[in-house]
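In this note's numbering, the protein residues as written are 7 to 217.
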C-alpha cells in the first residue's frame, strides 16, 4: 500500500535444524524468484561477537561465512535457475547496503555492518567456537540466512540482510545465553526495525530500473 513496489512478505522461515534439508529451507526464496522478485530483504537474530556490540544493535550483513555444512546448490538443478557455479564475491548488494545506511541515518537509527557466520544449531555456540569465529573474522553468528542468500544469488536476486544483536556470545559478554533473552531483545528492537524496513520499502531506488 503506497510502497511503489510489489512486495511478497514471508512471515518466519524454515531452519535446517528443524529437520529440513537445504532445498526445503530455501523453497520460499526460489518461489519468490520464479514469481518475479528482484530483491530479497531478510532479517535475523544473531549473537554478537564484538565487544563493542550491545543487545538491540542492528547490523547490516556485508558478507557471510557458511559453516552449516549445507548448500542449496547441491544436486542437478534446472539450468534456467542460474549458473552451476555462481559468483559469490558480493552476496550482499553494496548498492542496497548504501541505501539502507542512508535510510537509517535519515531516521536517526544506528546501523552497523559486519560479517555473519551461519552455523547449524540448534545449540548455542561454545566459548571455544566463539573464539574460533572471532579469529576468522565474523562479527555475528546465527543459524539462518546463509542458505537463502546462496539460493537467491544463484537466481539473480539482489540481497540485503539485517541482523538484530539479541545477545553477546559466550566469552564476549558476561554469563550464558538464554533463548528467552534472545526473544526479548528481538522484540525490543522490532519497532526500530519495522520503521527502517517500511521506509526502505518505500524508497523509489530500492529496485534498479534497468534490471
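Beta carbons are placed, not taken as given, at the ideal position from N, Cα and C, and that holds for glycine.
A quick note: this is a predicted structure, and the numbers were derived from the prediction, not measured.
With contacts defined as CB atoms closer than 7 Å, residue 21 and residue 213 fail to qualify as a contacting pair.
For residue 166, the closest alpha carbon among the candidates 202, 186, 176, 33 is that of 202.
Taking residue 72 as the centre and dropping the five residues before and after it, the same chain places the C-beta of 124, 152 closer than 6 Å to its C-beta, in chain order. Within 10 angstroms of the beta-carbon of residue 142 lie fewer than 16 other beta-carbons, which makes it exposed. For residue 111 and residue 159, the gap between their C-alpha atoms comes out near 27 Å.
Runs of beta strand (DSSP E) with 3 or more residues, each lying fully within the region 102 to 132, are found at 117 to 124, listed in chain order. Our two residues, residue 121 and residue 44, have alpha carbons roughly 23 Å apart in a direct line. Look at residue 49 here: in three-state DSSP terms it is strand.
For the pair residue 150 and residue 172, the Cα-to-Cα distance works out to about 14 Å. 7 Å or more divides the Cβ of residue 67 from the Cβ of residue 26. Residue 161 sits close to residue 87, with the two beta carbons spaced by under 7 Å. Taking 7 Å as the cut-off, the Cβ atoms of residue 195 and residue 62 count as close.
Taking the Cα of residue 206 as reference, the smallest distance to any Cα among 79, 92, 47 is reached at 47. Excluding residues up to 5 positions away in sequence, 178 lie with their Cβ nearer than 7 Å to the Cβ of residue 57 in the same chain.
The Cβ neighbour count for residue 42, taken over all protein chains shown within 10 Å, is under 16; the residue is labelled exposed.
Residue 70 sits in a strand when the DSSP states are folded into three classes. Annotated as proximal: residue 28 and residue 78, with beta-carbon spacing under 7 Å. At the C-beta level, residue 154 and residue 35 come within 7 Å of one another. As the crow flies, the alpha-carbon of residue 23 is around 15 Å from that of residue 50.
Beta-bridge partners assigned by DSSP to residue 156: none are found. The alpha-carbon of residue 17 is positioned some 25 Å away from that of residue 174. In the three-state reduction of the DSSP assignment, residue 176 falls in the strand class.
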